[in-house]
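Note that the working numbering has the sequence shown beginning at 410, numbered continuously upward. Cβ atoms here follow ideal geometry from the backbone N, Cα and C, with glycine treated the same way. Read through the structure below, which is laid out as structure tokens, and then see the notes.
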Amino acid sequence: MPIQIFQPSYRVDECLSEIRDCLEKGWTGLGFKTIAFEDAWKDYTGLPYAHFLNSATAGLHLAVALLKRHEGWDDGDEIISTPLTFVSTNHVILHTGLKPVFADVDEYMCLDPIDVERKITTKTRAIMFVGIGGNTGQLQAVSDLCRERGLKLILDAAHLSGTKLHTRDPGHFADAAIYSFQAVKNLPTADSGMVCFQDPELDAAVRRMSWLGISQDTYQRSGVKGSYKWMYDVDEVGFKYHGNSIMAAIGLVQLKYLDEDNAYRRQIGGWYDTGFSGNKAIQPIPIAAGCDTSQHFYQVAVDDRDKVILGLYDQGIFPGVHYRDNTDYPMYSQAKGSCPAAHAMSERILSLPVHLNLTRDDIGVVVDALIELVGS
Ligand SMILES: *Cc1c(COP(=O)(O)O)cnc(C)c1O
Numbered sequence: 410m411p412i413q414i415f416q417p418s419y420r421v422d423e424c425l426s427e428i429r430d431c432l433e434k435g436w437t438g439l440g441f442k443t444i445a446f447e448d449a450w451k452d453y454t455g456l457p458y459a460h461f462l463n464s465a466t467a468g469l470h471l472a473v474a475l476l477k478r479h480e481g482w483d484d485g486d487e488i489i490s491t492p493l494t495f496v497s498t499n500h501v502i503l504h505t506g507l508k509p510v511f512a513d514v515d516e517y518m519c520l521d522p523i524d525v526e527r528k529i530t531t532k533t534r535a536i537m538f539v540g541i542g543g544n545t546g547q548l549q550a551v552s553d554l555c556r557e558r559g560l561k562l563i564l565d566a567a568h569l570s571g572t573k574l575h576t577r578d579p580g581h582f583a584d585a586a587i588y589s590f591q592a593v594k595n596l597p598t599a600d601s602g603m604v605c606f607q608d609p610e611l612d613a614a615v616r617r618m619s620w621l622g623i624s625q626d627t628y629q630r631s632g633v634k635g636s637y638k639w640m641y642d643v644d645e646v647g648f649k650y651h652g653n654s655i656m657a658a659i660g661l662v663q664l665k666y667l668d669e670d671n672a673y674r675r676q677i678g679g680w681y682d683t684g685f686s687g688n689k690a691i692q693p694i695p696i697a698a699g700c701d702t703s704q705h706f707y708q709v710a711v712d713d714r715d716k717v718i719l720g721l722y723d724q725g726i727f728p729g730v731h732y733r734d735n736t737d738y739p740m741y742s743q744a745k746g747s748c749p750a751a752h753a754m755s756e757r758i759l760s761l762p763v764h765l766n767l768t769r770d771d772i773g774v775v776v777d778a779l780i781e782l783v784g785s
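This is the structure we're talking about:
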């Protein structure tokens with residue numbers, strides 16, 4: 410059996426029973442389970458607002474676009490971001506007419522607050538922080554820096570479902586936090602995401618903008634009267650980004666087991682830690698103090714990474730790389746060379762398999778194979 414980096418698992422009967430509710434009621438779209446999931450997410454995270462979307466990318470786009478409008482940022486204003494992320498994080502900055510400025514990463518593979526501070530200019534408006542693999546890195550320091558310098562903080566929490574920082578959801582440290590429930594994330598649906606603003610005005614705005622700019626207030630008012638449902642207002646040019654009840658039905662079940670599932674992921678992390686302890690050729694990426702990680706994946710750094718990966722493939726083990734330095738891609742190449750640590754690490758890191766179908770023996774197989782390939 411090949412050992413894959415990710416493999417989603419679902420409590421199938423429970424998911425089907427939630428989905429059955431939707432089908433029997435004839436309500437698979439916006440509303441119904443999407444509202445139930447938003448409420449459950451707010452309960453779970455303790456965040457004041459949550460809006461369910463069809464992806465985290467949609468949430469990142471709306472977070473940047475709405476903050477830009479609300480704060481009156483100009484085209485060409487800057488957001489400091491990381492080059493070590495899924496391109497989704499940075500594409501939304503370009504989509505919004507803003508300029509991504511890259512700061513380097515620290516030992517956690519997350520933004521280094523010292524380099525972030527160096528990269529602040531008179532045009533900097535916000536910082537985009539990514540919690541790599543469930544790690545919160547130095548989020549607290551970056552959050553403090555934002556407060557000091559009057560910058561907004563957007564948290565790409567695609568890997569952070571269930572992560573806690575000092576026992577709280579990391580979303581509490583940001584102006585907007587965006588979670589992904591894409592198929593291979595640690596809270597998998599098939600495709601969906603959640604955007605959580607701290608500001609009620611922005612939450613209201615994101616609800617309009619995710620449904621083509623249609624004002625749901627008007628819709629709901631006329632709905633209550635039972636007529637004039639067609640008389641809704643369209644206040645602005647929005648997007649078709651909202652989530653649906655089928656995805657939310659799966660999300661509701663997954664959320665019930667999130668803590669239990671993440672605990673098993675951390676157990677896998679512990680087995681890797683033990684397996685690599687004392688090995689000089691394999692450097693596990695540390696988890697920051699105060700972070701109770703979701704352990705979305707387990708990252709190590711090794712020399713000759715590409716060869717090592719091919720060696721693992723030969724043994725039916727399929728790790729990943731999170732991520733290639735984004736300044737290697739043409740649309741970000743103007744920043745090439747601006748983040749030497751991120752660049753060097755992007756050639757050394759690999760992410761080892763973490764998912765719920767792996768046993769302690771499987772982890773032993775991966776540990777032995779890696780040690781065999783890189784030595785000690
Ligand atoms: C997966 C991912 C996203 C995008 O999530 P989708 O729900 O697929 O749009 C954004 N950022 C990071 C870091 C991711 O891993």
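| Asked | Found |
| --- | --- |
| Collapsed DSSP secondary structure at E487 in the structure displayed | strand |
| Same chain only: Cβ atoms within 7 Å of V775, ignoring 5 sequence neighbours per side | I412, I726, L761, P762 |
| Buried versus exposed, by CB contacts within 10 Å (16 or more), L560 | buried |
| C-alpha distance - I536 paired with E433, whole-angstrom precision | 45 Å |
| Span of the alpha helix (DSSP H) around A613 | 609-618 |
| DSSP three-state assignment for L621, whether helix, strand or coil | coil |
| Option in L779, V643, C431 with minimal Cα separation from D713 | L779 |
| Span of the beta strand (DSSP E) around L432 | Taken as a continuous stretch (DSSP letters only), L432 belongs to no beta strand (DSSP E), being part of the alpha helix (DSSP H) at 421-434. |
| Contact test: S755 Cβ vs ligand 1 heavy atom, cutoff 7 Å | no |
| For F685 and Y419, the rounded distance between their alpha carbons | 30 Å |
| Selected residue, minimal CA-CA separation from L719, among E669, A750, L782, L439 | L782 |
| Cβ neighbour criterion (16 or more within 10 Å) applied to W639 | exposed |
| A710 versus S755: straight-line alpha-carbon distance, rounded | 9 Å |
| Outcome for H470 when other beta-carbon atoms lying within 10 angstroms are tallied against a minimum of 16 | buried |
| Contact test: K649 Cβ vs ligand 1 heavy atom, cutoff 7 Å | no |
| Nearest residue (CA-CA) to F461, options R478, V473, T443, T454 | T443 |
| Proximity test, V604 beta-carbon vs ligand 1 heavy atom, cut-off 7 Å | no |
| Proximity of M603 and A459 at Cβ, strictly below 8 Å | yes |
| Minimum length 3: unbroken beta strand (DSSP E) runs contained in the stretch 642-711 | 707-710 |
| Proximity to K665 [Cα-Cα], best of D448, Q416, R429 | D448 |
| One or two residues paired with D565 in a DSSP bridge | V539, I587 |
| Contact with chain C by D430, beta-carbon distance below 8 Å | Given the protein chain composition of this structure (a single chain), no chain C is represented. |
| Nearest candidate by alpha-carbon position, reference G622, set Q607, D644, D612, D608 | D644 |
| Neighbourhood of E427 by C-beta, 8 Å cutoff - its chain only, sequence neighbours within 5 removed | K442, A658, I659, L661, V662 |
| Three-state secondary structure assigned by DSSP to S742 | helix |
| I414 - DSSP class collapsed to helix/strand/coil | coil |
| CB contact flag (T598, T572, <8 Å) | no |
| Anticipated Cβ contact below 8 Å, P509 with I488, distance rounded | 6 Å |
| Residues bridged to T401 (per DSSP) | Because residue 401 is not part of the residues shown, which for the chain are 410 to 785, the question remains open. |
| Buried or exposed by the 16-neighbour rule on C-beta atoms within 10 Å, applied to A512 | buried |
| Which of helix, strand or coil DSSP assigns to K528 | helix |
| Assigned secondary structure, H504 (DSSP; H/G/I helix, E/B strand, else coil) | helix |
| Assigned exposure category for R617 - 16 Cβ within 10 Å defines buried | buried |
| Which of helix, strand or coil DSSP assigns to S747 | coil |
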